[in-house]
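Numbering (this note's numbering), first residue to last: 7 to 256.
For every residue, glycine included, the Cβ atom is placed at its ideal position computed from N, Cα and C.
Reviewing the structure listed below.
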Ligand code: PGA
C-alpha cells in the first residue's frame with residue numbers, strides 16, 4: 007500500500023432533492039466509514055450549505071464547479087469565496103460533462119484551478135479521453151495535454167490541495183468500467199509525467215483517483231492497483247452501496 011491516503015469522491019451531479027439528500031446523508035452517517043479513507047461529496051450548488059450542515063464534519067463537501075474570479079457580473083456562476091463562506095472546502099473542476107456539455111476549454115479549467123487554489127479551496131481537477139481518442143491510440147496525448155494545462159496553473163506550494171481524477175469519458179455513466187489494468191496503465195503514466203514535469207516528490211504524494219462506472223462490485227480490484235488512490239463515483243454514490251466503495255481497501 008502506498009502512503010497516499012485513499013480518497014473517494016461521491017459526485018452527485020444534478021441529482022437529488024432534500025428528501026433524497028437526507029437519505030444519502032443517513033447512510034453515510036450510519037456508515038461505518040473507514041477512517042483510512044478521505045471522503046468528499048460533490049453536491050449541487052443549491053444544496054451545498056444544507057449538505058454541509060447535515061453531514062458529519064469528517065466528510066468533506068465539494069462544489070461541482072466554480073468560476074475563475076472572486077465576484078462580479080457573471081450571472082449563474084459561483085466563486086470559491088462563496089463556497090468557502092458556506093463552510094465547504096472542495097471543488098470538482100473540469101469534469102468531462104463541463105468540458106463536453108458546457109464547452110469548457112483546457113485554458114478555462116486551468117484558470118479556475120488556479121483561482122480556486124489561491125482562494126484556499128481543495129481541488130479535484132478531472133481529465134480523461136473520449137472513446138474515439140482511445141481507439142485512435144491518443145489516450146496519452148490527450149490526458150497529458152489536459153494535465154499540462156492544469157499543472158501549469160497550480161501555484162507553488164498548493165499541491166497538497168490537489169487530487170487528480172482520471173475519468174475516461176467512455177466509462178462515465180455507461181456501465182463500461184476501465185479494467186483495473188487499463189486504469190492502472192494510465193495512472194502509472196500520469197504519475198510518471200508528474201515526476202518528469204513537476205517533481206518526483208509531487209508525483210509520489212499526489213493522489214490520482216479513477217472515475218467511470220465504479221461500483222461496489224469493481225471497486226476493490228481497482229483499489230488494489232499501485233497507482234489508483236481511490237475513486238470518483240457518480241451514479242453509485244447515490245445509493246447505500248456507496249459505503250462499500252468508500253471502504254474498498256478494508
Ligand atoms: P459514474 O460517474 O460513476 O456514474 O460513471 C463518474 C463521474 O462522472 O464522476
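Please say whether residue j and residue i have beta carbons closer to each other than 8 Å?
i	j	result
residue 214	residue 233	yes
residue 201	residue 209	yes
residue 96	residue 46	yes
residue 239	residue 39	no
residue 185	residue 16	no
residue 94	residue 63	no
residue 12	residue 43	yes
residue 323	residue 90	Missing from the structure shown is residue 323; the chain here goes from 7 to 256 and no further.
residue 98	residue 130	yes
residue 159	residue 116	yes
residue 172	residue 134	yes
residue 153	residue 199	yes
residue 137	residue 175	yes
residue 195	residue 231	no
residue 157	residue 203	yes
residue 25	residue 56	no
residue 71	residue 105	no
residue 162	residue 148	no
What first and last residue would you give for the beta strand (DSSP E) that runs through residue i?
i	result
residue 44	43 to 48
residue 128	128 to 133
residue 66	66 to 69
residue 17	12 to 17
residue 98	96 to 99
residue 239	236 to 239
Can you tell me which of the options puts its alpha carbon nearest to the alpha carbon of residue i?
i	options	result
residue 164	45, 60, 207 and 78	207
residue 8	198, 212 and 182	212
residue 2	36, 192, 228 and 255	Only positions 7 to 256 of the chain appear in this structure, which leaves residue 2 out of reach.
residue 218	93, 236 and 155	236
residue 132	24, 119 and 51	119
residue 121	77, 152 and 154	77
residue 102	197, 170, 178 and 31	178
residue 111	182, 226, 151 and 85	151
residue 187	116, 60, 18 and 225	225
residue 155	100, 124, 197 and 106	100
residue 50	41, 19 and 58	19
residue 86	196, 181 and 54	54
residue 58	81, 28, 166 and 80	28
residue 182	246, 241 and 107	241
residue 14	22, 107, 32 and 41	41
residue 31	254, 253, 256 and 246	246
residue 10	220, 141 and 170	170
residue 92	33, 223 and 52	52
Would you kindly report the start and end of the unbroken alpha helix (DSSP H) that includes residue i?
i	result
residue 226	225 to 229
residue 31	24 to 36
residue 163	Where residue 163 is concerned, there is no enclosing alpha helix (DSSP H), given that its DSSP letter is neither H nor E.
residue 207	206 to 211
residue 106	102 to 106
residue 123	112 to 124
residue 75	Per DSSP, residue 75 belongs to no alpha helix (DSSP H) and is neither H nor E.
residue 91	86 to 91
residue 56	54 to 60
residue 190	186 to 203
residue 154	145 to 157
residue 251	248 to 252
Considering only heavy atoms of ligand 2, does any lie closer than 7 Å to the CB of residue i?
i	result
residue 201	Looking at this structure, you won't find ligand 2 anywhere; what it does contain is ligand 1.
What does residue i pair with, by DSSP beta-bridge criteria?
i	result
residue 172	133 and 216
Quiz item: Which residues have a Cβ closer than 6 Å to any heavy atom of ligand 1, listed in chain order?
Solution: 17, 173, 178, 179, 217, 218, 219, 220, 238, 239, 240, 241 and 242
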